[in-house]
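> When we follow the UniProt record's numbering, the leftmost residue of the sequence shown carries the number 1, and every step to the right adds one.
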Amino acid sequence: MASSIYFDHAATTPCDPRVRQVLLDVLDHENGNPHSTTHEAGMRAADRVAHARNQVASLIGADAKEIIFTSGATEANNLAIKGAVRHLAAQGSPRKRVITVATEHKCVLESVRDLAQEGFEPVVLPVDANGLLDPSVLQEALKVPTALVSIMAANNETGVLQDMPVLSALVNEAGALLHSDLAQAAGKIPVDVRAWGLALASVSSHKLYGPKGAGALFVRRRPRVRLASLFSGGGQERGVRSGTVPGFLVAAFGEACQIVKQEMDTGFEHLSMLQRVFLNKLNAVLPGCEVNAVAAPRLPGIFNLRLPVGVSALDVVAVMPDLAVSLGSACSSAELAPSYVLEAMGLRREEAGRSLRLSPGRFTSAAEAERAAENLAQAVLRVRSVT
1 MASSIYFDHA ATTPCDPRVR QVLLDVLDHE NGNPHSTTHE AGMRAADRVA
51 HARNQVASLI GADAKEIIFT SGATEANNLA IKGAVRHLAA QGSPRKRVIT
101 VATEHKCVLE SVRDLAQEGF EPVVLPVDAN GLLDPSVLQE ALKVPTALVS
151 IMAANNETGV LQDMPVLSAL VNEAGALLHS DLAQAAGKIP VDVRAWGLAL
201 ASVSSHKLYG PKGAGALFVR RRPRVRLASL FSGGGQERGV RSGTVPGFLV
251 AAFGEACQIV KQEMDTGFEH LSMLQRVFLN KLNAVLPGCE VNAVAAPRLP
301 GIFNLRLPVG VSALDVVAVM PDLAVSLGSA CSSAELAPSY VLEAMGLRRE
351 EAGRSLRLSP GRFTSAAEAE RAAENLAQAV LRVRSVT
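1. Mind checking which residues open and close the alpha helix (DSSP H) that includes V383?
2. To the nearest angstrom, report how far apart V127 and A45 are at their CA atoms.
3. Mapping the DSSP letters down to three states, classify T37 as helix, strand or coil.
4. Where S333 and A352 are concerned, what is the direct C-alpha to C-alpha distance, given to the nearest angstrom?
5. Going along the chain, which unbroken runs of the alpha helix (DSSP H) with 4 or more residues stay wholly within the stretch 40-103?
6. Quick check: what's the CA-CA separation for F303 versus V325?
7. Assuming the contact rule is C-beta atoms closer than 8 Å, V26 and A251 should be a hit. Round their C-beta distance to whole Å, please.
8. How is V112 classed by DSSP in three states: helix, strand or coil?
9. Where G254 and I81 are concerned, what is the direct C-alpha to C-alpha distance, given to the nearest angstrom?
10. Under 8 Å, with one C-beta from each stretch per pair, do the stretch 176-193 and the stretch 25-41 reach the 3-pair mark?
11. If I measure Cβ to Cβ from G42 and keep anything under 6 Å in the same chain, skipping five residues before and after, which residues do I get?
12. Residues in its own chain within less than 6 Å of V341 by CB, not counting five upstream and five downstream?
13. How far does the beta strand (DSSP E) with H179 in it reach, from first residue to last?
14. DSSP three-state label for Y6, please.
15. Go ahead and label F69 buried or exposed: buried means 16 or more other beta carbons lie within 10 angstroms of its beta carbon, across all protein chains shown.
16. Indicate the three-state DSSP secondary structure (helix, strand or coil) for N155 in the structure shown.
17. Taking all protein chains shown into account, decide if Q275 is buried (16 or more other Cβ within 10 angstroms of its Cβ) or exposed.
18. How is E350 classed by DSSP in three states: helix, strand or coil?
19. For N292, does the three-state DSSP call read helix, strand or coil?
20. Applying the criterion that 16 or more other CB atoms from any shown protein chain within 10 Å of the CB defines a buried residue, is N280 buried or exposed?
21. Quick check on K65: buried or exposed, where buried means 16 or more other Cβ atoms within 10 Å of its Cβ?
22. How would you write the range of the beta strand (DSSP E) that T266 sits in, first residue to last?
23. From P165 to V386, what does the alpha carbon distance come to, in whole angstroms?
24. From which residue to which residue does the beta strand (DSSP E) around L133 run?
25. Any idea what DSSP makes of R298, helix, strand or coil?
26. For R194, which residues of its own chain have a beta-carbon under 7 Å away from its beta-carbon, when the five flanking residues on both sides are left out?
27. Taking the straight line between their C-alpha atoms, what separation do you get for G119 and S4?
28. For R298, which option in V240, S312, S272, N77 has the closest C-alpha, if you only look at C-alpha atoms?
29. Just list the residues that DSSP pairs P189 with in beta bridges.
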C-alpha cells in the first residue's frame, strides 16, 4: 500500500533534518538562560539567540536589532497591530482608523476588529475576483487619518501576491504604519522590508521547515516604531515582549531561515515544477477543475482548486485519507464552512464549497505530485458514484 502524501505545507511544514539537528544540539548541550549572562552557560545561550536573530533578519532584509522573537506569527500579528496603535493613542495621536483586507488571516482580522472596543475604527477593504487589493480602494480609505494598515504579502489560501511596493507607497504617503504578515511569503520569494516600505512584519518558523512555537516580529528602527506591550513581565525582547526566549526553538528557527534563503531559487523552481506536474496530470484525468485566482500573481506551491460542479470538497476529503489537503486556512478549517477568503473574492458559497487548498513542499517528489492528482481524481469519482 502506498504511503500517504502530504499536500498541506501551507498549514505547516515538516521540520528539516538539518534544522532538527540544531534544535537537538542546543537541547542536549546548552542549558543556560540567554538572559542570565553572568556565567558561561548563559553567555553561550545568548550567543545562540543573537546568531538566530541575525539569521532571521537576513532573510527579510532587516537589522538584527529590529527582530523580536515571539511564539509565532499569530502573536507577532497581535503585537504589531494592537501594540502599534495603542502606543500611538497613548502618545495622543488623533489617528483612529485601522485598515486591513478581507482576505487576511483570521488573527489579523480579529486583531483589527478587537480594536473597535477601544475607540478605533476598523476598516476591512474588499478585493477583486483574483484576490487583489485595488490601490485606488486603499487610497480612498486612507483619506481618513489612519494609524496602521495591515496587508499580507502572500495569501495563505490562494497564494495570491499583493503588489507591496505600490501599496506601501500609498500607506507611507498617508503617514500611516504598514504591517505585513509574511508567514507565507518569507522564504519562498525575496522579501525586503526596506524596499517594501514596511514598519512591521511577522514571520513564522513552522512555515519555513522550522519548529512550531517560534516566530518573529520585525519592528523598524528608522524611523522608529514603538509598541505597547501585550502583557507584563521582564521585557526580555527589546522591552516589548516578556518571557525567556526558548533558545532551542529560536536557534532552529534561525537555521531554517538560513536554509530557505540559501535554497530559495531552487525551492521556487521545485515548487513550480510540482504545481505544473500536478495540474497537468489532473487535467488529463479529471477535466473540469479550475484554479481560483488563476489570473493573479501567485506563489508557487499554494494553489486553490475548484472541483467540478456538483462535487463537495468536504465529501472528497472524507474519502481521500491518503492525500493530506485542506479546505482552507488551518486557522478556520475546523469550522467546516466554505472559505471566507474565497467568498471575499466573489465566489458563490457553492463554488467555495467545492474548493480545496493544495500545497506541496520541499520534500515532495514529482512522482508524488502525479499520484496526488490521481488520488484526487479517484476520490471525486467515488463521491460522484454515491451522489
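Positions of the beta carbon are idealized from the N, C-alpha and C atoms, including for glycine. Please read all numbers here as calculations on a predicted model, not as lab measurements.
In short:
1. Stepping through the sequence shown from its first residue, residue 383 is reached at position 383. Here the alpha helix (DSSP H) through V383 covers 366-386.
2. Indexing the sequence shown from 1 puts residue 127 at position 127. Indexing the sequence shown from 1 puts residue 45 at position 45. Answer to the nearest angstrom: the Cα atoms are 45 Å apart.
3. Sequence index remark: in the sequence shown, residue 37 carries index 37 (1-based). Reduced to three states, the DSSP call for T37 is coil.
4. In the sequence shown, counting from the first residue as 1, residue 333 sits at position 333. In the sequence shown, counting from the first residue as 1, residue 352 sits at position 352. Model confidence at S333 stands at a pLDDT of 49, short of 50, so the residue's coordinates are unreliable and nothing is read from them.
5. Counting only runs of 4 or more residues that sit fully inside the stretch 40-103, the alpha helix (DSSP H) segments are 40-60, 73-90, in chain order.
6. As a working mapping, residue 303 is identified with position 303 in the sequence shown. As a working mapping, residue 325 is identified with position 325 in the sequence shown. One C-alpha to the other measures close to 11 Å.
7. Residue mapping note: residue 26 aligns to position 26 of the sequence shown, counting from 1. Residue mapping note: residue 251 aligns to position 251 of the sequence shown, counting from 1. Indeed they touch by this definition, with Cβ atoms about 5 Å apart.
8. For this step, residue 112 is matched to residue 112 along the sequence shown. Helix, per DSSP.
9. Working through the sequence shown from its first residue, we reach residue 254 at position 254. Working through the sequence shown from its first residue, we reach residue 81 at position 81. Rounded to whole angstroms, G254 to I81 spans 24 Å at the Cα level.
10. Note that the stretch 176-193 does not touch the stretch 25-41; fewer than 3 beta-carbon pairs, one per stretch, sit closer than 8 Å.
11. Reading the sequence shown from its first residue, position 42 is the one you call residue 42. The beta carbon of G42 sits closer than 6 Å to the beta carbons of G32, N33, S36 from its chain, once the five residues preceding and following it are set aside; these are given in chain order.
12. As a position in the sequence shown, residue 341 is number 341, starting the count at 1. If you ignore the 5 residues before and after V341, its C-beta comes within less than 6 Å of the C-beta of T103, E157, all in its own chain and listed in chain order.
13. Looking up residue 179 in the sequence shown gives position 179. H179: member of the beta strand (DSSP E) spanning 177-181, first to last residue.
14. For the purposes of this step, residue 6 is taken as residue 6 along the sequence shown, with counting starting at 1. Secondary structure of Y6 (DSSP, three-state): strand.
15. Taking the first residue of the sequence shown as 1, we reach residue 69 at position 69. F69 comes out buried.
16. Working through the sequence shown from its first residue, we reach residue 155 at position 155. It is coil, neither helix nor strand.
17. For the purposes of this step, residue 275 is identified with residue 275 of the sequence shown, where counting begins at 1. Burial call: buried.
18. Your numbering for residue 350 matches position 350 in the sequence shown. It is helical.
19. Against the sequence shown, residue 292 aligns to sequence position 292. DSSP places N292 in coil when its eight states are reduced to three.
20. Taking the first residue of the sequence shown as position 1, residue 280 is located at position 280. Looking at its Cβ environment, which holds fewer than 16 other Cβ atoms inside 10 Å, N280 is exposed.
21. Within the sequence shown, numbered from 1, the residue matching residue 65 stands at position 65. It counts as exposed.
22. As a working note, residue 266 is residue 266 in the sequence shown. No beta strand (DSSP E) contains T266, which is instead part of the alpha helix (DSSP H) from 264-285.
23. One-based indexing of the sequence shown puts residue 165 at position 165. One-based indexing of the sequence shown puts residue 386 at position 386. In a straight line, the C-alpha of P165 is about 50 Å away from that of V386.
24. For this step, residue 133 is matched to residue 133 along the sequence shown. Where L133 is concerned, there is no enclosing beta strand (DSSP E), given that its DSSP letter is neither H nor E.
25. Translated into the one-based positions of the sequence shown, residue 298 becomes position 298. In this structure, DSSP gives R298 an extended state, which the three-state scheme calls strand.
26. Stepping through the sequence shown from its first residue, residue 194 is reached at position 194. Excluding sequence neighbours, R194 sits near G61.
27. As a working note, residue 119 is residue 119 in the sequence shown. As a working note, residue 4 is residue 4 in the sequence shown. Separation of G119 and S4 (C-alpha to C-alpha, rounded to the nearest whole angstrom) is 50 Å.
28. Counting from 1 along the sequence shown, the entry for residue 298 is found at position 298. Comparing Cα positions, the closest option is S272.
29. By one-based count along the sequence shown, residue 189 stands at place 189. Checking the sequence, you will find Ile at residue 189 rather than Pro. A186.
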